[in-house]
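Residue numbers (this note's numbering): 134 to 382.
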């Protein structure tokens, strides 16, 4: 059965996966068992679909109908892989401009960032398969449709993605208020991937450790940090400024 961008029921969700639907996330009732559930679990593992095991009360909030302990959200966009997107960027003669969102979980922040990213010409947004905001109708609305016009790559392991980008000649710039260097100390005219971290914890330590440069925005007030969508916009536009100057010479 379908309901506002979602599918519920064991067999309908299985059929949606087998039909190639882009599943954003599946919520499964804790303790669910049975032969059909085992079939679903195998498909979820095979297709690496993000899953959350939740109390039945949460599923009841999604729908008042018989969900059989399973509710899946269908993404309104098709996800891509950075290994498919990056070669196309190089082939077009462009200097890659990538944005990595490390566990940015607020849907409206995600949508706002995507809107800015598309406006400034980012070639792809990379998000983790787990811990990221759902790419749902709210995200699309907040992005004013920009998410339909920019590749979104949902990847299982961001550390592996960062290493892949580095091996492809792309410099990794991670944003952290703990850095001693400002965004103006970075050279964004080179092939670039900018990493923005979660609203609560920032960029993961595992990514910070392997980044080529850690950068921060100047802060003169008493407030500790900026909203992640505002910070992302400021950094992206500094990168645009540098690239426009580089193109003049």
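All residues carry an ideal CB built from backbone N, CA and C; glycine is no exception.
Close Cβ partners of residue 147 (< 7 Å) along its chain, the five nearest in sequence each way excluded: 172, 173 and 176
Nearest-angstrom Cβ-Cβ length linking residue 331 and residue 237, presumed shorter than 8 Å: 6 Å
Option in 230, 250, 366 and 313 with minimal Cα separation from residue 305: 230
Distance between residue 247 and residue 198 (C-alpha atoms, nearest Å): Whole-angstrom Cα-Cα distance: 34 Å.
Rounded separation between residue 283 and residue 254 - CA only: 9 Å
Of the residues 313, 264 and 279, the one placed nearest residue 290, counting alpha carbons only: 264
CB contact flag (residue 212, residue 139, <9 Å): Cβ atoms of residue 212 and residue 139: not closer than 9 Å.
Segment contact, 8 Å Cβ cut-off, at least three pairs: the region 216 to 226 with the region 181 to 196: These segments do not touch.
Residue 296 to residue 220 span [Cα, whole Å]: 16 Å
Status (buried if at least 16 other CB within 10 Å, exposed otherwise) for residue 190: exposed
For residue 292 and residue 346, the rounded distance between their alpha carbons: 15 Å
Where residue 182 falls: helix, strand or coil (DSSP): coil
Per DSSP, the bridge partner or partners of residue 232: 258 and 327
Contacts around residue 163, its chain only, beta-carbon distance under 7 Å, and the 5 residues preceding and following it disregarded: 186, 187 and 188
Terminal residues of the alpha helix (DSSP H) in which residue 373 lies: 361 to 381
Range covered by the alpha helix (DSSP H) that runs through residue 240: Residue 240 -> alpha helix (DSSP H) spans 240 to 253.
Nearest residue (CA-CA) to residue 371, options 205, 249, 286 and 218: 249
Own chain residues within Cβ distance below 8 Å of residue 242, not counting five before or after: 266, 332, 360, 361 and 362
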